[in-house]
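Novice:
Protein chains: 2
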Amino acid sequence: MPETRTPARTPRRSGRVSIVDVAAAAGVSRQTVSNVLNGRKEYYSEDTHSRVIAAMDSLGYQPNRAAQSLRSQRSMQIGWHIFGEQLQAMRGFTLQFLQALVKATSDVDHHLVVFTHHDDDALQVFKDLVARRTVDAVILSESGVDDERARFLAEHGLPFASFGRLAPDLPQHWVDIDNAAGMHPLVDHLVSAGHRQFAYIGAEGGEFWKAERLEGFRTALAEHGLRVPANAVLHGDDAAVRAHTRRLLARRNRPTAIVAGNDAIAAVVVNVVHSVGLRAGRDVAVTGFDGGAIGLFTEPTLTSVRIPVERIARELVDRCLRQVRDGAVDGPGLLVPTEIVRGGSA
Amino acid sequence: MPETRTPARTPRRSGRVSIVDVAAAAGVSRQTVSNVLNGRKEYYSEDTHSRVIAAMDSLGYQPNRAAQSLRSQRSMQIGWHIFGEQLQAMRGFTLQFLQALVKATSDVDHHLVVFTHHDDDALQVFKDLVARRTVDAVILSESGVDDERARFLAEHGLPFASFGRLAPDLPQHWVDIDNAAGMHPLVDHLVSAGHRQFAYIGAEGGEFWKAERLEGFRTALAEHGLRVPANAVLHGDDAAVRAHTRRLLARRNRPTAIVAGNDAIAAVVVNVVHSVGLRAGRDVAVTGFDGGAIGLFTEPTLTSVRIPVERIARELVDRCLRQVRDGAVDGPGLLVPTEIVRGGSA
DNA sequence: TCCATGGAATTGAACGTTCCATGAGAGTGC
DNA sequence: GCACTCTCATGGAACGTTCAATTCCATGGA
Chain A
0 MPETRTPART
10 PRRSGRVSIV
20 DVAAAAGVSR
30 QTVSNVLNGR
40 KEYYSEDTHS
50 RVIAAMDSLG
60 YQPNRAAQSL
70 RSQRSMQIGW
80 HIFGEQLQAM
90 RGFTLQFLQA
100 LVKATSDVDH
110 HLVVFTHHDD
120 DALQVFKDLV
130 ARRTVDAVIL
140 SESGVDDERA
150 RFLAEHGLPF
160 ASFGRLAPDL
170 PQHWVDIDNA
180 AGMHPLVDHL
190 VSAGHRQFAY
200 IGAEGGEFWK
210 AERLEGFRTA
220 LAEHGLRVPA
230 NAVLHGDDAA
240 VRAHTRRLLA
250 RRNRPTAIVA
260 GNDAIAAVVV
270 NVVHSVGLRA
280 GRDVAVTGFD
290 GGAIGLFTEP
300 TLTSVRIPVE
310 RIARELVDRC
320 LRQVRDGAVD
330 GPGLLVPTEI
340 VRGGSA
Chain B
0 MPETRTPART
10 PRRSGRVSIV
20 DVAAAAGVSR
30 QTVSNVLNGR
40 KEYYSEDTHS
50 RVIAAMDSLG
60 YQPNRAAQSL
70 RSQRSMQIGW
80 HIFGEQLQAM
90 RGFTLQFLQA
100 LVKATSDVDH
110 HLVVFTHHDD
120 DALQVFKDLV
130 ARRTVDAVIL
140 SESGVDDERA
150 RFLAEHGLPF
160 ASFGRLAPDL
170 PQHWVDIDNA
180 AGMHPLVDHL
190 VSAGHRQFAY
200 IGAEGGEFWK
210 AERLEGFRTA
220 LAEHGLRVPA
230 NAVLHGDDAA
240 VRAHTRRLLA
250 RRNRPTAIVA
260 GNDAIAAVVV
270 NVVHSVGLRA
280 GRDVAVTGFD
290 GGAIGLFTEP
300 TLTSVRIPVE
310 RIARELVDRC
320 LRQVRDGAVD
330 GPGLLVPTEI
340 VRGGSA
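Chain order of the listed sequences is A and B. Going by numbering that gives the first Met the number 0, the first sequence opens with residue 0, and the numbers climb by one from there. Going by numbering that gives the first Met the number 0, the second sequence opens with residue 0, and the numbers climb by one from there.
1) Please identify the residue among A/LEU320, A/ARG321, A/VAL267 whose C-alpha is closest to the C-alpha of A/LEU301.
2) For A/VAL285 and A/LEU225, I'd like the C-alpha separation in whole angstroms.
3) Taking the Cβ atom as the reference point for each residue, do B/THR133 and A/HIS110 lie within a distance shorter than 9 Å?
4) Kindly give me the distance between the Cβ atoms of A/VAL21 and A/ALA54, rounded to whole angstroms, as I take these residues to be in contact under 8 Å.
5) Does B/LEU36 have its Cβ less than 9 Å from a Cβ in chain A?
6) Give the interface partners of B/HIS110 over in chain A, defined as CB-CB distance under 7 Å, in chain order.
7) For A/ARG341, which residues from the same chain have a beta carbon less than 7 Å from its beta carbon, with the 5 sequence-adjacent residues on both sides left out?
8) Since A/ILE257 sits in a beta bridge, which residues does DSSP pair it with?
9) For B/GLY201 and B/VAL232, I'd like the C-alpha separation in whole angstroms.
10) Return no unless some Cβ of chain A is closer than 9 Å to the Cβ of B/GLY342.
11) At a Cβ threshold of 9 Å, is B/PHE197 touching chain A?
12) Just to make sure I have the definition right: I need the residues of chain B whose C-beta is within less than 8 Å of the C-beta of A/ASP127. Which are they?
13) Count the CB pairs spanning the stretch 311-321 of chain B and the stretch 307-324 of chain A that are closer than 8 Å, and state whether there are at least three.
14) Taking just the CA atoms, how far does A/LYS126 sit from A/PRO299?
15) Less than 9 Å between the C-beta atoms of A/ALA121 and A/ILE77, yes or no?
16) Using DSSP bridges, identify the partner residues of B/GLU352.
17) Kindly identify the DSSP beta-bridge partner or partners of B/SER161.
18) Once the 5 residues before and after A/GLY330 are set aside, which same chain residues still bring their CB inside 7 Å of it?
19) List the whole-angstrom C-beta distance separating A/VAL271 from A/ARG251, where the pair is believed to meet the contact cut-off of C-beta under 8 Å.
20) Among B/SER140, B/ASN63, B/LEU247, B/PRO336, which has the Cα closest to the Cα of A/ARG131?
21) List, in chain order, every chain A residue whose beta-carbon is nearer than 7 Å to that of B/ALA263.
22) Which residues in the same chain as B/ARG310 place their Cβ atom closer than 7 Å to its Cβ, once the five residues preceding and following it in sequence are excluded?
23) Taking only beta-carbon positions, decide if B/HIS48 is within less than 9 Å of chain A.
24) Kindly list, in the order they appear in chain A, the residues whose Cβ is closer than 8 Å to that of B/VAL101.
25) For A/HIS183, count neighbouring C-beta atoms within 10 Å of its own C-beta (all shown protein chains included) and say buried if the count is 16 or more, exposed if not.
26) The beta strand (DSSP E) with B/PHE114 in it runs from where to where?
27) Verify whether the separation of the beta carbon atoms of A/GLU211 and A/ALA179 is less than 9 Å.
28) With a CB to CB cut of under 6 Å and the five nearest residues on each side skipped, what residues in its chain are close to A/HIS48?
29) If the criterion is Cβ atoms closer than 9 Å, does the pair B/ALA25 and B/THR31 meet it?
30) Just grab the DSSP bridge partners of A/GLN76 for me.
31) In this structure, how does DSSP classify B/LEU277 when only helix, strand and coil are distinguished?
32) Could you spell out where the beta strand (DSSP E) holding A/LEU233 opens and where it closes?
33) Tell me the residue span of the alpha helix (DSSP H) that contains A/ALA219.
34) Any C-beta of chain A sitting closer than 9 Å to the C-beta of B/ARG11?
35) How many Å lie between B/LEU152 and A/VAL112 at the Cα?
36) Give me, in chain order, the residues of the same chain whose beta-carbon lies closer than 8 Å to that of B/PHE248; leave out the 5 immediate sequence neighbours on both sides.
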């Protein structure tokens, strides 16, 4: 009998082309194809490499993620966890950040899976992630310094990276912007434009970045020998911002420059400025912070501080993968610089 | 030697608890645990069911996605593909839609994977998806009637559902809002408030929904015996919208109501209205369309038409899963109703 | 001649689940 | 008592890949 068994050329039931089909076509073994696929150059010759590549191309082979994932214990997926508030409210750069994350992950041949929590237990999502290993790592954004999500992930050994500084006893896997430093060019610009009377309107809430922006604002002013009166530093939600702004503008010695804690607030301020018959950028300078799309929809457009989302996304993904590859690496956090965006509002 | 080899009770190298551990703990077979897991009630008794559940709980068992996926040929993941423009521009509900999708997918025990394309070849992403089967189905948003993505997916047999109507020769797996119908209550409201002089400012581009909103606007007016003058129907990008609005407001017989094609445009219009010293909602009525977060950031807030994103997301996911389960089911598309949102702008 | 060396490739096993075919045991009908 | 059905349960195989160990073969030194 010339051939006892010839299962080789049948495309197998699933119809999809697998690694063994490629192996057969290239005249090598399964494992060799796998090695080529994973670029383990020390295990194959230049010649076989090209034969395998040719076979893969001609068969239109694509490795099966589930199989790779099962065997290698890697999902090739990165999770992104966001709070509902980030979506509800118009945190200007959330969308840009999403796009940046999709790009950053796909650049390293990974996929981005998005998570939110809906019920009370914010950690439930993470318990599932840890147990089922559906993602190799998690990116947290809008994290507080003492983020319970980060703490949980650290305890359970799931790699993560956080957009926002973390407490010293947590692994320092974070990327953040230097909010305080970002304020300086903004203030410099305003002062050199002749402004001396300032007001600050920030978002309510105790997050680190909120305090830091205000602090940076104060420090920057101080460098010019200026200070902001205590009654001109205000906080609040949407409605409060409107009210604050109206009252500020009604004062006898009304501020000539209103510095907002973020673009969304600045947009509201601009609106209120107009609604009382003044003009932003001419009668009152208004600045934001984010540098996102919101600033383009106001009239005039916002002068703001741009957060380099693409860079941040890349760094976060990079930190995640380093942990996946090398185990827990506890490097220092990273502060990325911001840059000022000139619009018409200041 | 007392022990030659005893791999039995050792939790196996990976350290994770698997289906066989549960089986051992419950005193049943692997397959029975699997059956319980998948709710195949005809294959186990009530008694074994509770024993298995108890064992799973006490061991903290979570099924391994990769293994399930490999064997069952289901990834339990749904992809969402978006164009860069949806992220760059402030398509108001993109974020809300994201949140709704995350919720809708997690409600049916699936995950959401987000895709964009970066290079020229928009279909490259889909070629990968088809070949690697990383997702069971794809959700398209902002789809044109003759969407090439939908056509490609239909050809390659990957289930999909589209937010936006599709050409008749494509599988009718779509959900959409009735833009024309949505305009009617808005116009009714304006007319009953006494408005007779209308203008319309829409986004540029030939998308179906843009034409339909304008058409709905016209029809609704006609029902009141009114019509909009040809020179008061305008289109354009951001800058053009500003210019258009200024010119409209400068006319001797300026419109008393400006109907915008979406919230982003309406926001710009409101801004311009204020910047020329008028007040939206008092001197000029302004309406939007989307009913998203943008409308809350203008002063006054926008009167608009709310798109029921949660409902749409649910329906899209549902359509996807029906295809995955039952094969290609070619039901009719679904038009979901909108509702008017009352803000201060009209 | 013999053995160590090392590059290139191969084979058996394993990852954790579900599919498939089969089996044990109890109940039913004749 | 026997065949039949029905419920519940089982073990082997398979999904497609990578890990770990092994083989093959040419080379070179002792």
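Glycine included, each C-beta is placed from N, C-alpha and C at the ideal position. Small disclaimer: the values here were computed from a predicted structure and weren't measured.
Specialist: In short, the structure shows the following:
1) A/VAL267
2) 18 Å
3) yes
4) 5 Å
5) no
6) VAL112, THR133
7) THR302
8) A/ALA198, A/VAL285
9) 8 Å
10) no
11) no
12) GLN61
13) no
14) 47 Å
15) no
16) The displayed coordinates of chain B run from 0 to 345. Any statement about residue 352 of chain B would go beyond what the structure contains.
17) B/LEU139, B/TRP173
18) GLN171
19) Not really, about 18 Å apart at Cβ, beyond 8 Å.
20) B/ASN63
21) PHE296
22) VAL335
23) no
24) VAL113, PHE114, THR115
25) buried
26) 110-114
27) yes
28) VAL35
29) yes
30) A/HIS110
31) coil
32) 232-234
33) 207-222
34) Low local confidence applies: a pLDDT of 39 at B/ARG11 is under 50, so the model's placement there is unreliable, with the coordinate-based value given in what follows. It does not: the Cβ of B/ARG11 has no partner Cβ on chain A nearer than 9 Å.
35) 21 Å
36) The displayed chain sequence assigns Leu, not Phe, to residue 248 of chain B. Within the same chain, B/LEU248 has close Cβ partners VAL271, VAL272, VAL275, LEU277, VAL283.
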